[in-house]
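One structure is given here, and the rest of the page talks about it.
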Amino acid sequence: MLPILNIGPLAIQAPGLIILIGIWLALTLIEKNSVKFNVDSNVLSNLILWFLLSIVLFARIGYVAKYFSVFVERPLSILSPNLALFDPLSGLILGSVFFLVLIQRKKLHFRDVLNALTPGLSIFAIFYFLSLLASGQYYGLPSSLPWAIPLWGIERHPLQLYYVLLLIILSAWIFWLVEKEKKISFLFLEFVRWFSVILIFLDFFRGDGAMQIGSIHILQIVGFLLLLSSFILLKRFQAEKISPSVIQRAEK
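If you count the sequence shown from 1, position 73 lands on 124 in our numbering, and the numbers rise without skipping.
Below is the structure:
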């Protein structure tokens, strides 16, 4: 756990820095590979910029709505740069809706845009879990294994590192598909399918007890639903053998 990185007189929040590096690398890879998915890199970059800004805005609005009475007494706190005053789930959900609206207004094909985002998304996921390791969040169950790490006074499964390792493997496979131009039409669904498998399996080692029903985490249920949906959609596309041109006509 390394929440603060001291560089000379500067004290930098390590999780935030890792997230920024992840965003930069993701954007670079998305722009580089967008042409393979018939998406203009400049248009896609602008969409992503608006998406990220909307996540920040909606995350703050969501947090303010949750604790409205507190912010009524201290209205200037709404503008605070404190990262704890954000509701990431609200930001992600509302930001995603806004992003889909932008795609529709630009008259882009959802499939092509989602596929173009996938290489960068797979890389960003790695840095996201590295940031969780730096902040000490999303930690694992107590463990006596040789590779257990001390966290919050207890030796635990390095759950964040488990995610990082498997996501590196998944990202390598995604980039292999892109370079070989295989399964390009279904790339986003392939990523969702295998990320869901990782989520369902690894969350059994989760030790923070957040968002849990019995011994099952809510994110595992979400992962199962995503896995089921991706299987159904992949089977449907593969069975119908829809060519990209047919899909594009159907989306219009």
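We treat Cβ as the ideally placed atom computed from N, Cα and C, and that holds for glycine. All values reported here derive from a predicted model rather than from experimental measurement.
Classify residue i as helix, strand or coil using the three-state DSSP reduction.
i	result
G204	coil
R197	The sequence as given places Pro at residue 197; Arg does not occur at that position. Coil at P197, not helix or strand.
G171	helix
R257	strand
S294	Residue confidence for S294 is low, a pLDDT of 48 falling below 50, so the modelled location carries little weight and cannot support an answer.
Counting along the chain, where does the alpha helix (DSSP H) carrying residue i start and finish?
i	result
G187	Segment: none, G187 is in no alpha helix (DSSP H) and carries neither H nor E.
R321	Because the chain in this structure spans residues 52 to 303, residue 321 falls outside the shown range and cannot be described.
I83	The question names Ile, yet the displayed sequence has Lys at residue 83. That run of the alpha helix (DSSP H) goes A65 to N84.
E230	L210 to K231
P139	P139 to R156
I249	L238 to L253
Leaving out five residues on either side along the sequence, give the residues of the same chain with a beta carbon under 6 Å from the beta carbon of residue i.
i	result
P139	A110
S85	S92, L95 and A167
F256	G191, L192, H208 and L210
Applying the 10 Å Cβ sphere with the 16-neighbour rule, what's the burial state of residue i?
i	result
V152	exposed
N227	Before going further, note that residue 227 is Trp rather than Asn in the sequence given. Its Cβ having fewer than 16 others within 10 Å, W227 is exposed.
E241	buried
V115	buried
I269	exposed
A301	The predicted model places A301 with a pLDDT of 44, which falls under 50 and marks its position as unreliable; any figure quoted below should be read in that light. When all chains shown are included, A301 counts as exposed.
Who are the near neighbours of residue i in its chain, counting only those whose CB is closer than 8 Å to its CB and skipping five residues on each side?
i	result
K157	V94 and L98
V215	I177, F180, L181 and L184
Which residues in the same chain have their Cβ closer than 7 Å to the Cβ of residue i, if we skip the five residues on either side of it in sequence?
i	result
W101	L153
L284	L240
Touch test, the stretch 214-225 against the stretch 161-174, Cβ-Cβ under 8 Å, three pairs minimum
yes
Answer yes if the stretch 142-150 comes into contact with the stretch 99-113, meaning at least three C-beta pairs across the two stretches below 8 Å, and no otherwise.
The stretch 99-113 makes contact with the stretch 142-150, as at least three CB pairs between them are under 8 Å.
Mind the definition here: the stretch 273-286 touches the stretch 249-257 only if three or more C-beta pairs lie below 8 Å; say whether that holds.
yes
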